[in-house]
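Each remark here refers to the structure printed beneath this line.
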């Protein structure tokens, strides 16, 4: 029964407007911009720690806008951005005393919350965390708990909160929603979250074995004829279809993986003849190389923050 | 109008599923179906099937251990209706919809008084009920499944607590006229009948344990421990419904006794 | 000594366990010492009589002057409070009394003092420490911001028998502590799931800042008594020996 | 019963003492032949009893129970639903496509519409967990991801399975089936419940039937209400050697295996104690690809091993009440090296070589994956 006191919106929810400029001009529609980067070339990203004074540790990570996005921002032809660049803010609170109901734990209890801002993704996300966000939280917890030395912090809790200000695309916005509907953007978001969280934890002076960084690799096929090829740090908006992708949380000092998530059909892959690896092995190695690249930026950011705290004292 | 009981029954004296007014649905039951719990049972009355598992008198949680004078065990009931149970797939928000909470509270108060809980001070008996498919008289089937599981868990009780539903074949809103009363009481209602006709659930137990010899005069030792009715009926019909319900309970008691005796553990 | 990096980041190899002991802030992996937090690397020479290896640690506190790689003794520095430190066994903590019962007093831990300066704060100790501590404590002592910060701080218990070393069983808790006092105690155990256990059974431990009934700051008179400078009334506390 | 458990992604931490953990770890990490508490070989699975079509009110159902009492029941129900054409498909490119598709209607019909992932809805019910806890959400997402992702190869004789499961759910451009898969774990999860849930879902989907479509083309769907002529969700190939043995399926739903690595050994179907000491836990979803004979990998997820949450043992050197010896030097925080036989919660991740070995043992010819799928093919799903 309708709630008489409140004037509700249309029950079925509304659809975002479709701009007239799209319908008529066939040429006006920006075609999908294919990937200009080399297969093993990673995107640059900006990482800074220690910007939120009230948190024990904090960090902000932002990917550089892709060439197409930069061009679209300079002279916008249509109001829909061709691709999106990941922006993640991470805060760490702890070590905090545990609530009374929690049994005695000799180790640090890690709780991770991943939340998308309502405007982050192409489709608006509500304020209640849905399954994909909770799933990301579990993946992040697996990645970080491998790196933290938990038994040095008995009886205390560590809260890690990540706000995704702008998420990655799952596909090019022009494609039909069901063309390849697996959410490939989630893997890039997870990789960014892992790197940002690891920087924030280092900023909070929590004992870690190593700085964990996330890396993504994918098997993409731009035209149906050729077999899918391996690319690092994939931007789903730049490819016609993605066969399979993998995200890895990697610790370079110990050459160990703390978290692995591989999706899709990696059986057919165009690798060089000499390369004896199967599809998924090549994917995992590619993701590790991407993670190693991200790690260099992570170590510089942490070094900068220590140097900065020298200057202040 | 779909084929409903109140129009066709007066003509054929047969119900939708071909039963007479006093016939029970097919009752199949097994006990100790799940070795991981202290006691467990599976019971199906017609298409209503329920699995119940009892986690026997265990150390009470710290919270209620401290409550003064908890000289007896605390019974905890958790009812969960599966998504695929009803005709329409309905996902309850964490199983906390009205029906399952109503059944849980009724069961908790029933078994709190029925079981000999004074034998297990400072402990908790937790009963978990999963409704696999719901086709009417859910509370009655849950009571029977619980009784079987508690017997399997070896928790002492005065007698088998058996539940059954009874209803009237018409809307039974006008007073009963003894000369030409054409409404028959119905036993063990299925979902369409329960939705459409007035019905009540009654559960009885025997105070004195039923020995071999005194099978005949056990009528007056029967005690009603649960009586729940959620629909409207004229007071004059109540008595016939109760009589039919209590008779149904004793029929079910024999079936359950056979099940328990039948399964040599 | 091979080249010790002045600043270490987590996961950086510092040296092999053959030449160094691993101190706080580092961990051992395949007999090599790795840093586990980001910060300056400090080498503490082993105590002279035992010819064992020096201890390598990564300090959390960022020093004013560049930490000289030479084995400096306890470096004096104007230190920001050691944030993120967890009360460990034998560490000295400053806490505010939140509840006084017949058998115990519940306190919430405000600051954990650095173990290396855990011996009584000698005069030469970081004077700068005092003003910082003073500012923190006065703000903590005044009543209005008592409530909000309590759930963020670790809670601890001072049991009746841990209050003082002499006449343990004649202790009357009301004469020892009052709610709102600032106490210096030493942690004796991790305790149960929500409380640490601390003790004030040493001369230099106990109440060192308290407000009188009239509400103004009192000064210590004897080891059992503090007096209110304005009203002159003295109240009984378990007083810490002032320096 | 529903005490709020710490919502870590692994099942709750088992109550084993450090001594038991270290004993288990050494026995499981013996090079080449690990000794398992119940004497199984590293690739031996526990016996289970399975039955299908136990619930009359569902399109398909299955029940699988282990000998130790953990049981799972899966019910699959399907309902017809209107496909909402999302606005952004109305932009010019697909409008153009839509335009010419209309005028040559007969030729490619509904094949243009491929299925969507969210038509398959999965919910997992574990006693003691709220349904938005980390474990049910993680398991649900893992199984749904491999179910929806399994794009079948282009085997000719099964046209409607070309788009995988989600392709099968398409009725026409405006209507589709929505599949509700409800997984009910009946008892406390003694072991990590994933393999049990995935096997039960596998059998339930094989036994799922959808009513036969009588309407054709784009009109509103109308079905034959005789249940005997209903078609299977996963079509069966009719080349059956003899009616008695199990029917063969060209495309099967995926199966998720749980693999743990302890030291150098790779162990399958671990029970709860073995998971408690595992260095690494992987969930690998595979299916038999219809065109080539070997296994196809669908998804891999690493699970947080509960061994990181356990209590560390205290070596005798540091144990204060060991014959009154003076406590060792106070560099206790960084100092303890790996003292033999004393349990320390596992630190760090897992070597890459171990991961590739775990995946290879599942996917190689005659490996464990093939063995499980053959085992499942033996089950007669009536």
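Residue numbers (this note's numbering), protein chains in the order written: chain F, 39 to 351; chain E, 15 to 279; chain V, 3 to 245; chain Z, 248 to 629.
We put the CB at the ideal spot given by N, CA and C, even for glycine.
Predicted, not measured: the structure shown is a model, and the values here were computed from it.
Measure the Cβ-Cβ separation of residue 620 of chain Z and residue 547 of chain Z and say whether it is below 9 Å. Numbered from 1 along the fourth chain, position 373 holds the residue referred to as residue 620 of chain Z. Numbered from 1 along the fourth chain, position 300 holds the residue referred to as residue 547 of chain Z. No, Cβ-Cβ distance for residue 620 of chain Z and residue 547 of chain Z is not below 9 Å.
So, is the C-beta of residue 101 of chain E closer than 9 Å to a C-beta in chain Z? The sequence position of residue 101 of chain E within the second chain is 87, counting from 1. Output row for residue 101 of chain E: interface = yes.
Measure the beta-carbon distance from residue 89 of chain V to residue 223 of chain V and round it to whole angstroms, keeping in mind my assumption that it falls under 8 Å. On the third chain, residue 89 of chain V is found 87 positions in, with the first residue counted as 1. On the third chain, residue 223 of chain V is found 221 positions in, with the first residue counted as 1. With a Cβ gap of about 30 Å, residue 89 of chain V and residue 223 of chain V do not count as contacting.
Looking only at its chain, what residues have a beta carbon closer than 7 Å to the beta carbon of residue 157 of chain V, apart from the 5 residues adjacent to it on each side? As a first step, residue 157 of chain V is located in the third chain; it is residue number 155 there, counting from the start. The answer, listed in chain order, is 108, 110, 196, 197.
Just by C-beta distance, which residues in the region 454-470 of chain Z are closer than 8 Å to chain F? none
Secondary structure of residue 419 of chain Z, DSSP reduced to three states: The residue given as residue 419 of chain Z occupies position 172 in the fourth chain. For residue 419 of chain Z, the secondary structure class from DSSP, reduced to helix, strand or coil, is coil.
Is the CB of residue 343 of chain F under 9 Å away from at least one CB in chain V? Along the first chain, one-based indexing puts residue 343 of chain F at 305. At a cut-off of 9 Å between beta-carbon atoms, residue 343 of chain F makes contact with chain V.
Which residues of the region 175-199 of chain F have a Cβ closer than 9 Å to any Cβ of chain V? Give them in chain order. 185, 187, 190, 191, 192, 193, 194
Using the C-alpha atoms, what's the distance from residue 101 of chain V back to residue 232 of chain V? As a first step, residue 232 of chain V must be located in the third chain, where it is residue number 230. As a first step, residue 101 of chain V must be located in the third chain, where it is residue number 99. So the alpha carbons of these two residues sit roughly 26 Å apart.
Look at the alpha carbon of residue 609 of chain Z and the alpha carbon of residue 180 of chain F, and state the distance between them as a whole number of angstroms. Taking the first residue of the fourth chain as position 1, residue 609 of chain Z is located at position 362. Taking the first residue of the first chain as position 1, residue 180 of chain F is located at position 142. For residue 609 of chain Z and residue 180 of chain F, the distance between alpha carbons rounds to 23 Å.
Thinking residue 128 of chain F and residue 235 of chain F are a contact (beta carbons under 8 Å), I'd like their distance in whole angstroms, please. In the first chain, the residue the question calls residue 128 of chain F occupies position 90. In the first chain, the residue the question calls residue 235 of chain F occupies position 197. Correct: roughly 5 Å between the Cβ atoms.
Which of the residues in the region 317-343 of chain F, read from start to end, lie with their CB under 7 Å from any CB of chain V? 337, 340, 341
What does residue 42 of chain E pair with, by DSSP beta-bridge criteria? Counted from its first residue, the second chain places residue 42 of chain E at position 28. In DSSP, residue 42 of chain E forms a bridge with E:58.
Sorted by chain position, which residues of the same chain lie with C-beta nearer than 6 Å to residue 427 of chain Z's C-beta, five sequence neighbours on each side aside? Counting from one through the fourth chain, the residue named residue 427 of chain Z turns up at place 180. Closer than 6 Å at Cβ, skipping near neighbours: 324, 368.
Scan the region 179-246 of chain F and note each continuous beta strand (DSSP E) run of 3 residues or more that stays entirely inside, going in chain order. Scanning the region 179-246 of chain F for uninterrupted beta strand (DSSP E) segments of 3 residues or longer gives 194-204, listed from N- to C-terminal end.
Cutting at 8 Å between CB atoms, please list the residues of its own chain near residue 612 of chain Z, excluding the five before and the five after it. The residue given as residue 612 of chain Z occupies position 365 in the fourth chain. Closer than 8 Å at Cβ, skipping near neighbours: 541.
Can you tell which of E:91, E:63, E:90 has the C-alpha that lies nearest to the C-alpha of residue 320 of chain Z? Locating residue 320 of chain Z in the fourth chain gives position 73, counting from the first residue. Taking only the C-alpha atoms, the option nearest residue 320 of chain Z is E:63.
Would you please verify whether the beta carbon of residue 625 of chain Z is less than 9 Å from any beta carbon of chain E? Indexing the fourth chain from 1 puts residue 625 of chain Z at position 378. Chain E has no Cβ within less than 9 Å of the Cβ of residue 625 of chain Z.
Quick one: is residue 167 of chain V buried, meaning 16 or more other Cβ sit within 10 Å of its Cβ, or exposed? Against the third chain, residue 167 of chain V aligns to sequence position 165. Residue 167 of chain V comes out exposed.
Give a yes or no on contact between the region 133-145 of chain E and the region 92-101 of chain E, applying the rule of three or more CB pairs nearer than 8 Å. yes
Considering only residues of the same chain and omitting the five flanking positions on each side of residue 251 of chain E, which have a CB-CB separation below 6 Å? Position 237 of the second chain, counted from the start, is the residue given in the question as residue 251 of chain E. Answer for residue 251 of chain E: 182, 186, 190, listed in chain order.
Rounded to whole angstroms, what's the CA-CA distance from residue 579 of chain Z to residue 23 of chain V? Just pull it up for me. Stepping through the fourth chain from its first residue, residue 579 of chain Z is reached at position 332. Stepping through the third chain from its first residue, residue 23 of chain V is reached at position 21. Bear in mind that a pLDDT of 40 at residue 579 of chain Z, under 50, signals an unreliable position, so the model cannot answer this.
Are the C-beta of residue 105 of chain E and some C-beta of chain Z separated by less than 9 Å? The sequence position of residue 105 of chain E within the second chain is 91, counting from 1. By this cut-off, residue 105 of chain E is an interface position.
Which chain Z residues sit within Cβ distance under 8 Å of residue 5 of chain F? Nothing about residue 5 of chain F can be read from this structure; chain F reaches only from 39 to 351.
In the DSSP assignment, find the unbroken beta strand (DSSP E) run with residue 247 of chain Z in it and report its ends. Past the edges of chain Z, shown from 248 to 629, lies residue 247 of chain Z, and the structure says nothing about it.
Among F:90, F:86, F:130, F:309, which has the Cα closest to the Cα of residue 149 of chain F? As a working note, residue 149 of chain F is residue 111 in the first chain. Of the listed residues, the one whose Cα sits closest to residue 149 of chain F is F:130.
With 9 Å as the threshold, decide whether the Cβ of residue 500 of chain Z is near any Cβ in chain F. Here residue 500 of chain Z is taken as the residue at index 253 of the fourth chain, counted from 1. With a threshold of 9 Å between beta carbons, residue 500 of chain Z makes no contact with chain F.
Which residues, taken in chain order from the region 179-193 of chain V, show a beta carbon closer than 7 Å to some beta carbon of chain F? 192
Counting only beta-carbon separations shorter than 9 Å, does residue 149 of chain E have a partner in chain Z? Counting from 1 along the second chain, the entry for residue 149 of chain E is found at position 135. So yes, residue 149 of chain E belongs to the interface.
Let me see if you follow: with CB-CB separation under 9 Å, is residue 106 of chain V close to chain F or not? Reading the third chain from its first residue, position 104 is the one you call residue 106 of chain V. Any Cβ of chain F closer than 9 Å to the Cβ of residue 106 of chain V would place that residue at the interface, and such an atom is absent.
Residue range of the beta strand (DSSP E) that residue 140 of chain E falls in? Position 126 of the second chain, counted from the start, is the residue given in the question as residue 140 of chain E. 137-147 is the extent of the beta strand (DSSP E) around residue 140 of chain E.
Going along the chain, which residues of the region 45-67 of chain E sit with their C-beta nearer than 7 Å to a C-beta in chain Z? 48, 49, 50, 51, 61, 65, 67
Chain F contact residues for residue 41 of chain V, given Cβ-Cβ distances below 8 Å: Here residue 41 of chain V refers to the residue found at position 39 when the third chain is read from its first residue. Contact of residue 41 of chain V with chain F by beta-carbon distance below 8 Å involves 243, 344.
Anticipated Cβ contact below 8 Å, residue 287 of chain F with residue 258 of chain F, distance rounded: As a working note, residue 287 of chain F is residue 249 in the first chain. As a working note, residue 258 of chain F is residue 220 in the first chain. Between residue 258 of chain F and residue 287 of chain F the Cβ distance is about 22 Å, and since that is not below 8 Å, they are no contact.
Count the other C-beta atoms from every protein chain shown that fall within 10 angstroms of the C-beta of residue 473 of chain Z, then say buried if there are 16 or more, exposed otherwise. In the fourth chain, residue 473 of chain Z corresponds to position 226, counting from 1. Residue 473 of chain Z comes out exposed.
For residue 463 of chain Z, the nearest candidate out of Z:413, Z:421, Z:267 (CA to CA): In the fourth chain, residue 463 of chain Z corresponds to position 216, counting from 1. Here the closest residue by C-alpha is Z:421.
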